[in-house]
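*Asks:*
Protein chains: 4
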Amino acid sequence: MDTLYIHRAPVRFTHTDPAGYVFFPRFFEMFQAAVEDWFTHCLGLNYAEQILTHGVGFPTAHTECDFKRPCRLGEVLELTVVLEKLGRSSFTLRFDGHVGGELRLTARSVLVAIEMVHGRPRSIGAQLRERLERYLSLCREAGTRD
Amino acid sequence: MDTLYIHRAPVRFTHTDPAGYVFFPRFFEMFQAAVEDWFTHCLGLNYAEQILTHGVGFPTAHTECDFKRPCRLGEVLELTVVLEKLGRSSFTLRFDGHVGGELRLTARSVLVAIEMVHGRPRSIGAQLRERLERYLSLCREAGTRD
Amino acid sequence: MDTLYIHRAPVRFTHTDPAGYVFFPRFFEMFQAAVEDWFTHCLGLNYAEQILTHGVGFPTAHTECDFKRPCRLGEVLELTVVLEKLGRSSFTLRFDGHVGGELRLTARSVLVAIEMVHGRPRSIGAQLRERLERYLSLCREAGTRD
Amino acid sequence: MDTLYIHRAPVRFTHTDPAGYVFFPRFFEMFQAAVEDWFTHCLGLNYAEQILTHGVGFPTAHTECDFKRPCRLGEVLELTVVLEKLGRSSFTLRFDGHVGGELRLTARSVLVAIEMVHGRPRSIGAQLRERLERYLSLCREAGTRD
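Residue numbers (the numbering used here), protein chains in the order written: chain A, 41 to 186; chain B, 41 to 186; chain C, 41 to 186; chain D, 41 to 186.
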């Protein structure tokens, strides 16, 4: 964990609509995939284990996205995962989506830690919080550099 | 066209996640379905014909959603389609999602009219504009009544 | 329950691919929707309640489909649900998909009753079995008439 | 191209249902992804270019799948792509899906080469045919070895 995490999402037939572009709900599936891989491969906490073993889920409570330019079959969308804010039981992520250096979309999601068993929010566990704090620092440093 | 259009979306197995709730990207598919049926059944302009016959598409340029309470398998989400703003080539829709009278989500999307052949924005055609203006009036009246 | 159940699936933007036709995995989502509505509206047993209240699921153990002709945005696919075979813990459904009287696809799925809690097969409950037997008779009569 | 192509599909939240298992239509999306990557990374012919540049599509005319054991969030499904048969305008693929060496599913699909412009079948182009023939030999050798 020393650079911002970038999730690479190949644009597939599955994602594209009659205009040949990604159908917008598919982007939210890509953001979800980005979160899962960021947990597992960057934060070092297996996403599936959080849910299946620890019974902690991370549903999206709010999301918003600006689609600046369409993405086409065969392109690879690179989603940079930026942690913008860290609360007691929630955190805010930004996704900057580029193809070949060109900005295609910017999105922002608020994820809330919940107990899967009853669906209510819970505080973010100590281990995850420590990783998120480190990633938050990393994002702030990256932000100052820009 | 004399009341606000409500699209009924049954929550299916297809939509639900391991917590038994609708997986959030699926809501955006429901919003898309609401737009299609609102065009066809409320505005009186067949959505598919717009694309296939007239070559005019309506991609979503921006969307945002607050997920207030989860939706469960077997429930029917009622999406009220509210036209908030009408521009030259775009319009802003709000979707209020209720189940049994309880607010579950509020979303807002900006749709842009484009020529399918090159993907660039175009002005909204006269017939569609006339229908949208009528619906806009209806939404404003409904808003004042509340 | 006196005629074969027909599920009407409007072909939406969500379903279509860059060729303007339904992307084939989406048909399987339509079959699932057909099963859910057939349970609830034809057999008279609420599908969601089977899962959420009784803890009985009906995963698909086998499926096959012949895609004879493509389906296009704006069409309505009519899926006739035919019960072909009824076993102890499983049953076989056929889906005949027509648009305007023209056969577009034929599919066949084997569904297995399982206990959701451990995922293992269980015998079909008495009430469901009684309904399935009636529907099976109906399908056989319809078959002889053809 | 000297070993059978294996496509690795991570099981994500996007794929799973209220039982915590992959919802069966999602497997067909994985098969489609396997085909795309097999074209691009194994046959050496970019899948997207076939469609966007050459106007040749490969819809699935028939598919069938035996779901032997469910797949769970966090697992990685390894899909081995086996070419079973090569015709004038179509070919038959088998997908053997394993997780950690355990067989979870076997599927078979017939793909047809079509001209995107009118949707009718066409003969498989010379370059693709040559690659498919080589892959077919490879599959037959692998079969004899088993």
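Where is the CB? At the ideal position from N, CA and C, for every residue including glycine. Quick caveat, the model's predicted, so the values are computed rather than measured.
Quick check on this structure: which residue in P58(A), F64(A) and V122(A) has the alpha carbon closest to the alpha carbon of C105(A)?
*Replies:* Within the first sequence, residue 105(A) is the residue found at index 65, counting from 1. Comparing Cα positions, the closest option is F64(A).
*Asks:* In chain order, what residues of the region 143-159 of chain C put their CB closer than 7 Å to some CB of chain D?
*Replies:* For the region 143-159 of chain C, which is checked against every Cβ of chain D, the residues closer than 7 Å are M156 and G159.
*Asks:* Check whether the region 99-113 of chain C and the region 88-106 of chain D are in contact - that is, three or more C-beta pairs closer than 8 Å.
*Replies:* Yes, they touch.
*Asks:* In chain A, which residues lie less than 8 Å from F63(C) when you measure between Cβ atoms?
*Replies:* Reading the third sequence from its first residue, position 23 is the one you call residue 63(C). The answer, in chain order, is F53 and T54.
*Asks:* Mind checking which residues open and close the beta strand (DSSP E) that includes L117(B)?
*Replies:* In the second sequence, counting from the first residue as 1, residue 117(B) sits at position 77. Start and end: V116 to L126.
*Asks:* Tell me where the alpha helix (DSSP H) around Y87(A) begins and ends.
*Replies:* Counting from one through the first sequence, the residue named residue 87(A) turns up at place 47. First-last of the alpha helix (DSSP H) with Y87(A): Y87 to L92.
*Asks:* Whole beta strand (DSSP E) runs in the region 43-112 of chain B with 3 or more residues, listed along the chain?
*Replies:* Counting only runs of 3 or more, we get 45-50 and 100-107.
*Asks:* Note down, in chain order, every chain D residue with its Cβ under 9 Å from the Cβ of Q72(A).
*Replies:* Position 32 of the first sequence, counting from 1, holds the residue named residue 72(A). Simply R52, F53 and T54.
*Asks:* Could one say the Cβ of G60(D) lies closer than 8 Å to chain B's Cβ atoms, at least one of them?
*Replies:* Sequence index remark: in the fourth sequence, residue 60(D) carries index 20 (1-based). Chain B, which has a Cβ nearer than 8 Å to the Cβ of G60(D), makes this yes.
*Asks:* For D42(B), return the contacting residues in chain D, with the cut-off set at a CB-CB distance below 8 Å.
*Replies:* Mapped onto the second sequence, residue 42(B) falls at position 2. Chain D residues near D42(B): none, gap ~39 Å exceeds 8 Å.
*Asks:* Could you check whether L113(B) and I154(C) sit closer than 8 Å to each other, using their CB atoms as the reference points?
*Replies:* Locating residue 154(C) in the third sequence gives position 114, counting from the first residue. Locating residue 113(B) in the second sequence gives position 73, counting from the first residue. No, the pair does not count as a contact, with Cβ atoms beyond the cut-off.
*Asks:* Assuming F98(A) and F68(B) are in contact, meaning their beta carbons sit under 8 Å apart, how far apart are those beta carbons, in whole angstroms?
*Replies:* Residue numbering aside, residue 98(A) sits at position 58 when the first sequence is read from its first letter. Residue numbering aside, residue 68(B) sits at position 28 when the second sequence is read from its first letter. Not confirmed; about 18 Å, so no contact.
*Asks:* Using the C-alpha atoms, what's the distance from V116(B) back to F79(C)?
*Replies:* The sequence position of residue 79(C) within the third sequence is 39, counting from 1. The sequence position of residue 116(B) within the second sequence is 76, counting from 1. Using only the alpha carbons, I get a separation of about 16 Å.
*Asks:* Go through its chain and collect everything with a Cβ distance to L126(A)'s Cβ below 6 Å, but skip five positions before and after it.
*Replies:* Position 86 of the first sequence, counted from the start, is the residue given in the question as residue 126(A). Answer for L126(A): L172 and L176, listed in chain order.
*Asks:* From L119(B), G141(B) and C111(B), pick the residue whose C-alpha is nearest to that of L133(B); which is it?
*Replies:* Your numbering for residue 133(B) matches position 93 in the second sequence. Of L119(B), G141(B) and C111(B), the residue nearest in Cα terms is L119(B).
*Asks:* Rounding to the nearest angstrom, what Cα-Cα distance links P58(B) and H55(D) in this structure?
*Replies:* One-based indexing of the second sequence puts residue 58(B) at position 18. One-based indexing of the fourth sequence puts residue 55(D) at position 15. P58(B) and H55(D): Cα-Cα distance of roughly 10 Å.
*Asks:* Would you identify the three-state DSSP class for R160(A), choosing helix, strand or coil?
*Replies:* Walking along the first sequence from the start, residue 160(A) turns up at place 120. Three-state DSSP puts R160(A) in coil, outside helix and strand.
*Asks:* Which chain C residues are close to L117(A), counting only those with a beta carbon under 8 Å from its beta carbon?
*Replies:* Your numbering for residue 117(A) matches position 77 in the first sequence. Within chain C, no residue comes near L117(A); the closest Cβ sits about 17 Å away, beyond 8 Å.
*Asks:* Would you kindly work out how many angstroms separate the C-alpha atoms of P50(A) and M70(A), rounded to a whole number?
*Replies:* Numbered from 1 along the first sequence, position 10 holds the residue referred to as residue 50(A). Numbered from 1 along the first sequence, position 30 holds the residue referred to as residue 70(A). Cα-Cα distance, rounded: 9 Å.
*Asks:* Just verifying my parser: in three-state terms, what is the DSSP assignment at G183(D)?
*Replies:* Locating residue 183(D) in the fourth sequence gives position 143, where the first residue counts as 1. Here G183(D) sits in helix by DSSP.
*Asks:* Going by other Cβ atoms of all chains shown within 10 Å of its Cβ, with 16 needed for buried, is H158(D) buried or exposed?
*Replies:* For this step, residue 158(D) is matched to residue 118 along the fourth sequence. Label assigned to H158(D): exposed.
*Asks:* Looking at the structure shown, is A153(A) part of a helix, part of a strand, or coil, going by DSSP?
*Replies:* What you label residue 153(A) is simply residue 113 of the first sequence in a count that begins at 1. Correct three-state label for A153(A): coil.
*Asks:* Between the region 98-110 of chain C and chain D, which residues of the former have a C-beta closer than 9 Å to a C-beta of the latter?
*Replies:* So the list reads P99, T100, A101, H102, T103, E104, C105, D106, F107, K108 and P110, given in the order they occur along the chain.
*Asks:* Taking only beta-carbon positions, decide if A88(A) is within less than 8 Å of chain D.
*Replies:* For the purposes of this step, residue 88(A) is taken as the residue at position 48 of the first sequence. Chain D, which has a Cβ nearer than 8 Å to the Cβ of A88(A), makes this yes.
*Asks:* Hey, is F79(A)'s beta-carbon within less than 8 Å of any beta-carbon in chain B?
*Replies:* Against the first sequence, residue 79(A) aligns to sequence position 39. With 8 Å as the cut-off, F79(A) does not count as an interface residue toward chain B.
*Asks:* Going by Cα to Cα distance, which pick from Y87(A), E181(A) and G60(A) is closest to L123(A)?
*Replies:* Residue numbering aside, residue 123(A) sits at position 83 when the first sequence is read from its first letter. Nearest option by C-alpha distance: E181(A).
*Asks:* Are the beta-carbon atoms of F45(B) and P110(B) separated by less than 8 Å?
*Replies:* As a working note, residue 45(B) is residue 5 in the second sequence. As a working note, residue 110(B) is residue 70 in the second sequence. The amino acid at residue 45(B) is misidentified as Phe; the sequence shows Tyr. Not in contact: Y45(B) and P110(B) (Cβ atoms no closer than 8 Å).
*Asks:* Would you mind sorting G84(D) into buried or exposed? The rule is 16 or more other CB atoms within 10 Å of its CB.
*Replies:* The residue given as residue 84(D) occupies position 44 in the fourth sequence. Exposed.
*Asks:* Show which residues of chain D have a CB atom less than 7 Å away from the CB atom of L113(B).
*Replies:* Along the second sequence, read from residue 1 onward, the residue named residue 113(B) stands at position 73. P58, listed in chain order.
*Asks:* Among D136(A), M156(A), G141(A) and H47(A), whose alpha-carbon lies nearest the alpha-carbon of A147(A)?
*Replies:* As a working note, residue 147(A) is residue 107 in the first sequence. Out of D136(A), M156(A), G141(A) and H47(A), D136(A) has the C-alpha closest to the C-alpha of A147(A).
*Asks:* Which of helix, strand or coil does DSSP assign to S129(D)?
*Replies:* Along the fourth sequence, one-based indexing puts residue 129(D) at 89. In the structure shown, S129(D) sits in coil (DSSP, three-state: anything other than H, G, I, E or B).
*Asks:* If you draw a straight line from the alpha carbon of D77(B) to that of V121(B), how long is it in whole angstroms?
*Replies:* Position 37 of the second sequence holds residue 77(B). Position 81 of the second sequence holds residue 121(B). For D77(B) and V121(B), the distance between alpha carbons rounds to 10 Å.
*Asks:* List the residues that DSSP assigns as beta-bridge partners of A147(C).
*Replies:* On the third sequence, position 107 is the one that residue 147(C) refers to. C105(C) and F135(C), per the DSSP bridge assignment.
*Asks:* If I measure Cβ to Cβ from L143(A) and keep anything under 8 Å in the same chain, skipping five residues before and after, which residues do I get?
*Replies:* Counted from its first residue, the first sequence places residue 143(A) at position 103. Cβ neighbours of L143(A) beyond the five flanking positions: K108, R109, D136 and G137.
*Asks:* Name the residues in the region 122-137 of chain B whose C-beta lies less than 8 Å from a C-beta of chain A; which are they?
*Replies:* Listed by position along the chain: nothing, the set is empty.
*Asks:* Please report the straight-line C-alpha distance between C179(B) and S149(B), rounded to a whole angstrom.
*Replies:* If you number the second sequence from 1, residue 179(B) lands on position 139. If you number the second sequence from 1, residue 149(B) lands on position 109. Going by the C-alpha atoms only, they are around 16 Å apart.
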